[in-house]
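Q: First the structure, then my questions, so here it is.
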Amino acid sequence: MLSNLHNKLTLQNPFYLNHTQLAMLGVNVLITPTLLTFAQLQNFYAWTALDKKWEQYFWSHQDIVVFSLENETYPEDAPMMYSDRGDAPVTYTLYDRAVGVLQFLRRPEAPKWANHFFAYDHLTLVNRDAILDVGGWDTHIPFYATDCDMYVRLMWAGYWQGETEIGIILDVATVMEDVAALFRVPGVKAGFKGDPKRKKEEARKLGEREGETWEHLVEVAKRMEEAKYVDGNGWRNMWQLSQTGGEGEPFARDFEGFEVGLRMMIDTGRAVFAEKWGHRGCDIAKMNIKAEDAWRLERDWDPETQGLGHEGDEW
């Protein structure tokens with residue numbers, strides 16, 4: 001609801017959001033009336049774009065850190081995004097590259113497209129009307145597998161979905177201890193809790209008073225990503241259990257119970273996907289089926305001997 005806006009949640013509440021700080025950084029916060037599942041959130045994006053007359057929009061995961069390729073300069077034959085850059089070599093930023101893709105896809109000669117991915121869907125450019133054309137995201141599949149369902153349905157509908165590398169986009173589970181490091185504030189060095197190389201870095205930090213380098217920021221951020229996947233992919237979302245405060249605050253939830261409920265919804269969504277397409281796993285594009293076959297297919301596995309729809313190595 002409006003609890004964050006009215007400063008009723010504390011920092012360790014998992015749902016805390018600092019509206020004041022985000023406003024200072026130029027972030028516009030859209031408030032939803034309740035917590036949304038991933039599929040519901042995607043439909044909310046499309047609805048918001050429709051309401052605000054945005055034909056295309058970008059969305060990203062919240063648990064990522066991104067960098068422009070600062071060692072690459074703007075191509076001489078590429079159109080400049082700004083007119084006041086002069087003749088000096090200019091970094092070809094992640095933002096410039098993303099906008100360049102958008103400009104290309106807006107051309108009449110561009111293919112019929114739905115999504116354009118940057119590091120899969122960690123950052124995604126969306127063509128609103130393509131999403132609406134296939135009926136939006138299936139909210140019966142709230143989390144995992146709903147992307148497989150949507151992207152394949154768009155493919156079957158004849159929409160192209162490409163991918164371009166525009167920078168360094170990393171999937172992380174922790175935060176920089178001081179965000180000022182990303183802004184190259186002099187004397188502030190990059191680091192994170194649990195960094196296996198922290199002791200070596202501390203010795204180097206003592207004599208440094210300059211702002212961070214791009215190379216070192218990327219190095220630290222890559223270690224943040226490695227820490228998230230240190231035990232494989234199975235626990236990649238356990239960072240959501242790291243904040244356990246908020247007891248007694250508006251709409252407070254038991255954090256362990258919330259995680260249990262979330263995992264149950266994930267399992268249910270996968271089971272729905274399996275029943276919808278008669279198959280466990282995201283590789284339905286390889287099957288000789290079409291969108292109209294949904295809910296009309298026999299299971300290609302035996303629940304008695306091979307487990308339920310959400311089970312199995314296919315997931």
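Position 33 (the sequence shown) corresponds to 33 in the UniProt record's numbering; numbering is contiguous. Idealized CB from N, CA, C, for every residue including glycine.
1. Since R128 contacts Y57 with CB under 8 Å, what's their CB separation in whole angstroms?
2. For E249 and V172, I'd like the C-alpha separation in whole angstroms.
3. Give me the Cβ distance between L69 and A98, rounded to the nearest whole Å; I'm assuming they're in contact under 8 Å.
4. Are the stretch 146-161 and the stretch 110-117 touching by the rule of at least three beta carbon pairs closer than 8 Å?
5. Output the distance between the C-alpha atoms of D313 and G307, rounded to the nearest integer angstrom.
6. Would you call the stretch 37-45 and the stretch 9-24 in contact, with 3 or more CB pairs under 8 Å?
7. Who are the near neighbours of L132 in its chain, counting only those whose CB is closer than 8 Å to its CB and skipping five residues on each side?
8. In the structure shown, what three-state DSSP assignment does G207 receive?
9. Just the C-alpha distance for V272 and F118, rounded to the nearest angstrom, thanks.
10. Going by CA-CA distance only, name the one from I141, G245, W156, T174 that's closest to G269.
11. Do you know whose CA, among V185, D283, A221, lies nearest D63's CA?
12. Do V66 and L94 have their C-beta atoms closer together than 7 Å?
13. To the nearest angstrom, how far is it from the Cα of P75 to the Cα of W214?
14. Which residue from L5, K8, D178 puts its Cα closest to that of A192?
15. Going by alpha carbons, who is nearest to D283 out of A181, D149, H61, L17?
16. When the distance is taken between beta carbons, is L5 closer than 7 Å to H19?
17. Taking the alpha helix (DSSP H) that E104 belongs to, which residues open and close that run?
18. In the DSSP assignment, find the unbroken beta strand (DSSP E) run with H216 in it and report its ends.
A: Reading from the atomic positions:
1. Position 128 of the sequence shown holds residue 128. Position 57 of the sequence shown holds residue 57. About 7 Å; that satisfies the 8 Å criterion.
2. Within the sequence shown, residue 249 is the residue found at index 249, counting from 1. Within the sequence shown, residue 172 is the residue found at index 172, counting from 1. C-alpha separation (whole angstroms): 28 Å.
3. As a first step, residue 69 is located in the sequence shown; it is residue number 69 there, counting from the start. As a first step, residue 98 is located in the sequence shown; it is residue number 98 there, counting from the start. Incorrect: roughly 12 Å between the Cβ atoms, too far for contact.
4. yes
5. Taking the first residue of the sequence shown as position 1, residue 313 is located at position 313. Taking the first residue of the sequence shown as position 1, residue 307 is located at position 307. Going from the Cα of D313 to the Cα of G307 covers about 10 Å.
6. no
7. Residue 132 sits at position 132 when you count from the first residue of the sequence shown. Correct list, in chain order: A46, L50.
8. What you label residue 207 is simply residue 207 of the sequence shown in a count that begins at 1. Only weak support exists for where G207 lies, its pLDDT of 47 falling under 50; the coordinates are left without a value.
9. Counted from its first residue, the sequence shown places residue 272 at position 272. Counted from its first residue, the sequence shown places residue 118 at position 118. If I take the Cα positions, the gap works out to 28 Å.
10. The sequence position of residue 269 within the sequence shown is 269, counting from 1. The shortest Cα separation from G269 among I141, G245, W156, T174 belongs to I141.
11. By 1-based counting over the sequence shown, the position of residue 63 is 63. Of the candidates V185, D283, A221, the one whose C-alpha sits nearest the C-alpha of D63 is A221.
12. One-based indexing of the sequence shown puts residue 66 at position 66. One-based indexing of the sequence shown puts residue 94 at position 94. Against a cut-off of 7 Å, the Cβ pair of L94 and V66 comes out as a contact.
13. Residue 75 sits at position 75 when you count from the first residue of the sequence shown. Residue 214 sits at position 214 when you count from the first residue of the sequence shown. Cα to Cα, the separation comes out at about 20 Å.
14. Taking the sequence shown and counting its residues from 1, the one referred to as residue 192 is at position 192. The identity of residue 192 in the sequence shown is Phe, whereas the question assumes Ala. Among L5, K8, D178, the Cα nearest to that of F192 belongs to D178.
15. For the purposes of this step, residue 283 is taken as the residue at position 283 of the sequence shown. Per the Cα distances, D149.
16. Position 19 of the sequence shown, counted from the first residue, corresponds to residue 19. Position 5 of the sequence shown, counted from the first residue, corresponds to residue 5. In this structure, L5 lies closer than 7 Å to H19 by Cβ.
17. Locating residue 104 in the sequence shown gives position 104, counting from the first residue. The amino acid occupying residue 104 in the given sequence is Phe; Glu does not appear at that position. Per DSSP, F104 belongs to the alpha helix (DSSP H) from 94-105.
18. The count along the sequence shown starts at 1 and reaches residue 216 at position 216. No beta strand (DSSP E) holds H216; the alpha helix (DSSP H) holding it covers 214-228.
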